[in-house]
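Counting in this note's numbering, the sequence shown runs from 11 upward without gaps.
Beta carbons: idealized from backbone N, C-alpha and C, even for Gly.
Please read all numbers here as calculations on a predicted model, not as lab measurements.
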Amino acid sequence: MYNTRNMANLLQVKTSASALVEALLELGVDSIFGYPGASVLSIYNELSKESEIKHFLVRHEQAAVHSAEGYARASGKTGVVLVTSGPGFTNTITGIANAYADSTPLVVLAGDVASSAHCEKVFQKVDIKTIAKTCCKKVFALTKDDDISLVIKEAFKEAESGVKGPVVVALPRNFLEAEAKTSTKNFDKEHIIDSKKIAENIPAFANLVNESQNPLILIGGGCIDASEEIEQFVSVLQIPVVSTLMGIGIYPSENNLYLGMIGINGTDSANEALSHCDLLIALGTAFSDRSTCKKNDFAKNCKVISVNIEPSKRKFELQINTEVKPFLQECIKEKNKFNTKTKWRMEVDLFKEELPLPEEPPHCLHSSVVLETLSEYTKYYEPIVVTDVGQHQMLTAQFFKFNKPRKFITSGGLGTMGFGLPAAVGAHIAKPENLVLNITGDGSFQMNLQELATCREHQIPVKIIIMNNSYLGMVREMQEKIYKTRYQVEMINPDFTKIAEAYDLFAVRVKKIDELIPALERAINHKGTAIVDILIDSFENI
Numbered sequence: 011m012y013n014t015r016n017m018a019n020l021l022q023v024k025t026s027a028s029a030l031v032e033a034l035l036e037l038g039v040d041s042i043f044g045y046p047g048a049s050v051l052s053i054y055n056e057l058s059k060e061s062e063i064k065h066f067l068v069r070h071e072q073a074a075v076h077s078a079e080g081y082a083r084a085s086g087k088t089g090v091v092l093v094t095s096g097p098g099f100t101n102t103i104t105g106i107a108n109a110y111a112d113s114t115p116l117v118v119l120a121g122d123v124a125s126s127a128h129c130e131k132v133f134q135k136v137d138i139k140t141i142a143k144t145c146c147k148k149v150f151a152l153t154k155d156d157d158i159s160l161v162i163k164e165a166f167k168e169a170e171s172g173v174k175g176p177v178v179v180a181l182p183r184n185f186l187e188a189e190a191k192t193s194t195k196n197f198d199k200e201h202i203i204d205s206k207k208i209a210e211n212i213p214a215f216a217n218l219v220n221e222s223q224n225p226l227i228l229i230g231g232g233c234i235d236a237s238e239e240i241e242q243f244v245s246v247l248q249i250p251v252v253s254t255l256m257g258i259g260i261y262p263s264e265n266n267l268y269l270g271m272i273g274i275n276g277t278d279s280a281n282e283a284l285s286h287c288d289l290l291i292a293l294g295t296a297f298s299d300r301s302t303c304k305k306n307d308f309a310k311n312c313k314v315i316s317v318n319i320e321p322s323k324r325k326f327e328l329q330i331n332t333e334v335k336p337f338l339q340e341c342i343k344e345k346n347k348f349n350t351k352t353k354w355r356m357e358v359d360l361f362k363e364e365l366p367l368p369e370e371p372p373h374c375l376h377s378s379v380v381l382e383t384l385s386e387y388t389k390y391y392e393p394i395v396v397t398d399v400g401q402h403q404m405l406t407a408q409f410f411k412f413n414k415p416r417k418f419i420t421s422g423g424l425g426t427m428g429f430g431l432p433a434a435v436g437a438h439i440a441k442p443e444n445l446v447l448n449i450t451g452d453g454s455f456q457m458n459l460q461e462l463a464t465c466r467e468h469q470i471p472v473k474i475i476i477m478n479n480s481y482l483g484m485v486r487e488m489q490e491k492i493y494k495t496r497y498q499v500e501m502i503n504p505d506f507t508k509i510a511e512a513y514d515l516f517a518v519r520v521k522k523i524d525e526l527i528p529a530l531e532r533a534i535n536h537k538g539t540a541i542v543d544i545l546i547d548s549f550e551n552i
């Protein structure tokens with residue numbers, strides 16, 4: 011038990027909780043997304059003394075992780091989550107798995123019951139390490155002899171190095187409240203890039219590029235820090251570019267050499283170029299099934315070069331395991347070794363065509379029309395666009411124009427409905443000067459709509475665009491095509507404008523095309539959170 015005398019003694023010593031907060035300050039952490047509970051109150055007590063770290067109280071622990079993801083994806087920094095023991099931690103698992111699938115750097119600080127209680131049946135006791143190990147990079151479990159400052163720094167290093175991803179730190183309550191341990195061990199954060207080793211791959215790479223007639227560059231999420239180098243490399247060689255879902259925005263969508271996203275829901279021009287190329291230069295992509303469709307048929311008529319930090323089991327003509335940015339920097343230094351591909355570039359122009367927009371029937375709106383209008387109307391703002399998962403997500407990828415990295419944030423690898431709103435909150439915290447749009451569906455929005463309270467409390471001016479078709483559209487489309495329209499996904503929705511009213515937020519409903527731009531104007535000019543509920547065609551397919 012924790013009596014008054016024990017608590018008084020704690021105030022006289024530097025606790026591990028205090029040392030943890032000091033380490034976070036040293037690492038430059040300015041924002042934490044969390045939900046308090048008994049196991050981590052010692053940390054919250056220390057945070058209350060600091061003005062440089064702001065804590066954002068969410069309304070569900072899953073949302074804390076998604077908010078940290080949005081923060082990390084928009085800023086390039088590591089997101090930080092703080093939750094308590096038991097259900098506080100288990101509620102984070104979907105978010106951790108999502109971050110793991112999309113290689114998003116996070117550190118999840120998970121409170122745990124006292125270490126002495128692990129052999130007993132104790133309130134809120136779960137096996138954090140066993141639960142988390144399949145969906146994160148590493149689990150650190152604090153022991154009584156650990157220097158917590160070093161543990162936290164090692165956790166950040168793990169999250170940020172190699173293939174980035176989430177890391178969990180299990181923090182037993184009794185160790186947090188005990189006197190901090192110190193260690194003489196030095197922490198080495200330096201990341202050394204072996205440019206000589208990278209340069210050794212340039213001759214073989216250049217030979218394959220020069221021998222090809224129809225090369226194509228495929229960019230994935232692993233290129234997020236290499237946008238400038240990709241633009242320079244492409245401008246020299248004049249090689250057309252396609253992307254995966256996670257690679258959207260890394261190369262400008264409006265550049266004439268960009269053909270769009272490949273894969274199941276990709277553009278015709280991108281998939282057509284892929285089928286005609288004789289060399290695929292894959293940069294920072296893991297070749298997921300969404301991109302490759304039938305894996306045995308993917309790129310079967312061309313050679314493939316893979317430049318990716320993580321080794322692959324796939325067979326390539328050339329596999330270069332390194333980060334994309336330093337590799338392209340070496341290529342640019344040796345640009346005279348490469349031949350330009352202007353003839354192929356002119357042929358590829360024939361593949362490009364404007365995506366057809368449907369004629370608007372009088373009774374409903376189409377997502378494609380809405381999204382193209384939204385993209386054009388907000389172009390001046392260069393918004394950060396955060397989507398949920400479903401038809402609206404794929405159509406945003408097709409119809410929205412993204413010309414800079416970190417402007418398109420979506421759940422790619424796990425496909426997590428409910429990701430969008432909390433991730434948009436995190437994106438705003440990271441980039442408060444940017445307009446942040448959350449493009450969502452009526453199904454996804456209801457997964458985490460309780461975060462409207464977080465928006466209200468912290469005055470988050472995110473603009474929520476609900477593509478409301480009263481169905482789980484993606485699932486309905488599959489049931490229509492595969493299972494002869496046997497639907498189980500029609501949704502009886504609440505009035506989202508009244509929900510906004512309950513949270514004291516602005517909302518407007520759109521039923522006709524001529525109502526769209528006035529509604530967008532009102533929402534964007536509104537200083538706080540705004541919801542635009544757009545009633546769209548229930549049976550629109552991608």
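Worksheet item: From serine 42 to serine 279, what does the alpha carbon distance come to, in whole angstroms?
Response: By 1-based counting over the sequence shown, the position of residue 42 is 32. By 1-based counting over the sequence shown, the position of residue 279 is 269. For clarity, residue 42 is isoleucine in the given sequence; the question names serine instead. Looking at the two C-alpha atoms, the distance is approximately 42 Å.
Worksheet item: How big is the Cα-Cα spacing for leucine 20 and valine 380?
Response: Here residue 20 refers to the residue found at position 10 of the sequence shown. Here residue 380 refers to the residue found at position 370 of the sequence shown. At leucine 20 the pLDDT is 48, less than 50, meaning the model places this residue with poor confidence; the figure from the coordinates comes in the next sentence. Distance between the alpha carbons of leucine 20 and valine 380: 58 Å.
Worksheet item: Excluding five sequence neighbours on each side, which residues of the same chain lie with their C-beta closer than 7 Å to the C-beta of histidine 286?
Response: Taking the sequence shown and counting its residues from 1, one reaches residue 286 at position 276. The residues are Asn224.
Worksheet entry | Three-state secondary structure (DSSP) of alanine 540 | Here residue 540 refers to the residue found at position 530 of the sequence shown. Reduced to three states, the DSSP call for alanine 540 is strand.
Practice prompt. For isoleucine 53, count neighbouring Cβ atoms within 10 angstroms of its own Cβ and tell me buried if that reaches 16, exposed if not.
Written response: Numbered from 1 along the sequence shown, position 43 holds the residue referred to as residue 53. The residue is buried, with at least 16 neighbouring Cβ atoms inside 10 Å.
Discussion item. Which residues does DSSP list as the beta-bridge partners of methionine 271?
Written reply: Here residue 271 corresponds to residue number 261 of the sequence shown, with the count starting at 1. The partner list for methionine 271 (beta bridge, DSSP) reads Ser253.
Worksheet item: Going straight from the alpha carbon of isoleucine 234 to that of glycine 423, what length do you get?
Response: In the sequence shown, counting from the first residue as 1, residue 234 sits at position 224. In the sequence shown, counting from the first residue as 1, residue 423 sits at position 413. Whole-angstrom Cα-Cα distance: 16 Å.
Fill in: Distance between glycine 259 and glutamine 408 (C-alpha atoms, nearest Å)
To locate residue 408, count along the sequence shown from 1; it is residue 398. To locate residue 259, count along the sequence shown from 1; it is residue 249. Cα-Cα distance, rounded: 12 Å.
Worksheet item: Buried or exposed: where does glutamate 550 fall if 16 or more other Cβ atoms within 10 Å of its Cβ makes it buried?
Response: On the sequence shown, residue 550 is found 540 positions in, with the first residue counted as 1. Its Cβ being crowded by 16 or more others within 10 Å, glutamate 550 is buried.
Worksheet item: Does lysine 347 have its Cβ less than 8 Å from a Cβ in chain C?
Response: Structure shown: chain C not included; a single protein chain is present.
Discussion item. Mapping the DSSP letters down to three states, classify threonine 464 as helix, strand or coil.
Written reply: Counting from 1 along the sequence shown, the entry for residue 464 is found at position 454. Correct three-state label for threonine 464: helix.
Worksheet entry | Buried or exposed by the 16-neighbour rule on C-beta atoms within 10 Å, applied to glutamate 333 | In the sequence shown, the residue the question calls residue 333 occupies position 323. Classification of glutamate 333: buried, given that the 10 Å Cβ count is 16 or more.
Worksheet item: Quick one: what does DSSP say leucine 20 is sitting in, helix, strand or coil?
Response: The residue labelled residue 20 in the question sits at position 10 within the sequence shown. Reliability fails at leucine 20, whose pLDDT of 48 lies under 50, so the model's placement of it is uncertain and the value that follows must be treated cautiously. Leucine 20 sits in a helix when the DSSP states are folded into three classes.
Worksheet item: Excluding the five sequence neighbours on either side, which residues of its own chain have a C-beta within less than 6 Å of the C-beta of isoleucine 1, listed in chain order?
Response: A query on residue 1 cannot be resolved here, the shown segment of the chain reaching from 11 to 552 and no further.
Worksheet item: For the alpha helix (DSSP H) that contains glycine 105, what are its first and last residues?
Response: In the sequence shown, counting from the first residue as 1, residue 105 sits at position 95. Looking at the DSSP string, the run of the alpha helix (DSSP H) that includes glycine 105 is 103-111.
Worksheet item: Which stretch, first to last residue, makes up the alpha helix (DSSP H) that contains threonine 302?
Response: On the sequence shown, residue 302 is found 292 positions in, with the first residue counted as 1. Note, threonine 302: alpha helix (DSSP H), 299-302.
Practice prompt. Return helix, strand or coil for glutamine 242, following the three-state DSSP convention.
Written response: Within the sequence shown, numbered from 1, the residue matching residue 242 stands at position 232. The answer is helix: DSSP assigns glutamine 242 an H, G or I state.
Worksheet entry | Euclidean distance between Cα positions of asparagine 448 and lysine 154 | Translated into the one-based positions of the sequence shown, residue 448 becomes position 438. Translated into the one-based positions of the sequence shown, residue 154 becomes position 144. When rounded, the distance between both Cα atoms is 43 Å.
Worksheet item: Which same chain residues, not among the five before or five after aspartate 157, have their C-beta less than 6 Å away from its C-beta?
Response: Position 147 of the sequence shown, counted from the first residue, corresponds to residue 157. Excluding sequence neighbours, aspartate 157 sits near Lys191, Thr192, Ser193.
Item to complete: Please state whether DSSP places phenylalanine 43 in a helix, a strand or coil.
Response: The sequence position of residue 43 within the sequence shown is 33, counting from 1. Looking at phenylalanine 43 - three-state DSSP - the assignment turns out to be strand.
Discussion item. Can you give me the C-alpha to C-alpha distance between lysine 491 and methionine 484, rounded to a whole angstrom?
Written reply: Taking the first residue of the sequence shown as 1, we reach residue 491 at position 481. Taking the first residue of the sequence shown as 1, we reach residue 484 at position 474. Rounded to the nearest angstrom, the two C-alpha atoms are 11 Å apart.
Worksheet item: Mapping DSSP to helix, strand and coil, what is asparagine 349?
Response: Here the question's residue 349 lines up with position 339 in the sequence shown. DSSP places asparagine 349 in coil when its eight states are reduced to three.
Discussion item. Restricting to runs no shorter than 3 residues, where is the beta strand (DSSP E) found entirely within the segment 390-456?
Written reply: 394-397, 446-451
Discussion item. Could you pull the DSSP bridge partners for asparagine 478 from this structure?
Written reply: Along the sequence shown, one-based indexing puts residue 478 at 468. Answer is Leu545.
Item to complete: Taking all protein chains shown into account, decide if isoleucine 330 is buried (16 or more other Cβ within 10 angstroms of its Cβ) or exposed.
Response: Translated into the one-based positions of the sequence shown, residue 330 becomes position 320. The residue is buried, with at least 16 neighbouring Cβ atoms inside 10 Å.
Worksheet entry | Cβ contact check for the segment 161-181 and the segment 103-117: 3 or more pairs under 8 Å | yes
Discussion item. Can you find the residues in the same chain that come closer than 8 Å, C-beta to C-beta, to lysine 195, ignoring five residues on each side of it along the sequence?
Written reply: Taking the sequence shown and counting its residues from 1, the one referred to as residue 195 is at position 185. Correct list, in chain order: Asp157, Leu160.
Worksheet entry | CA nearest to the CA of lysine 521, picked from Asp514, Pro46, Ala529 | As a working mapping, residue 521 is identified with position 511 in the sequence shown. For lysine 521, the closest of Asp514, Pro46, Ala529 by C-alpha to C-alpha distance is Ala529.
Item to complete: Below 6 Å CB to CB, which residues in the same chain sit around serine 253 once its five sequence neighbours on both sides are set aside?
Response: In the sequence shown, residue 253 corresponds to position 243, counting from 1. These residues qualify, in order along the chain: Ile229, Met271.
Worksheet item: How long is the line joining the alpha carbons of methionine 11 and asparagine 184, rounded to whole angstroms?
Response: Locating residue 11 in the sequence shown gives position 1, where the first residue counts as 1. Locating residue 184 in the sequence shown gives position 174, where the first residue counts as 1. Below a pLDDT of 50, predicted positions are generally treated as unreliable, and methionine 11, at 46, falls in that range; no measurement from the model is reported.
Worksheet item: Contact between the segment 340-349 and the segment 203-212: three or more CB pairs below 8 Å?
Response: yes
Item to complete: Keeping to the same chain, check which residues put their C-beta closer than 6 Å to that of lysine 313; ignore five residues upstream and five downstream.
Response: Taking the sequence shown and counting its residues from 1, one reaches residue 313 at position 303. Excluding sequence neighbours, lysine 313 sits near Leu289, Glu327.
Fill in: From Ile315, Glu238, Ala27, Thr539, residue whose alpha carbon lies closest to that of leucine 462
Along the sequence shown, read from residue 1 onward, the residue named residue 462 stands at position 452. Of Ile315, Glu238, Ala27, Thr539, the residue nearest in Cα terms is Thr539.
Discussion item. Here's the rule I'm using: 16 or more other beta-carbon atoms within 10 Å means buried, otherwise exposed. How should lysine 351 be labelled?
Written reply: As a position in the sequence shown, residue 351 is number 341, starting the count at 1. Classification of lysine 351: buried, given that the 10 Å Cβ count is 16 or more.
Worksheet item: In this structure, what does DSSP give as the bridge partners for isoleucine 53?
Response: As a position in the sequence shown, residue 53 is number 43, starting the count at 1. Answer by DSSP bridge pairing: none, since isoleucine 53 is not bridged.
Discussion item. Please tell me whether threonine 295 and asparagine 318 are closer than 8 Å, where the distance is taken between their beta carbons.
Written reply: Within the sequence shown, the letter at position 285 stands for residue 295. Within the sequence shown, the letter at position 308 stands for residue 318. Yes.
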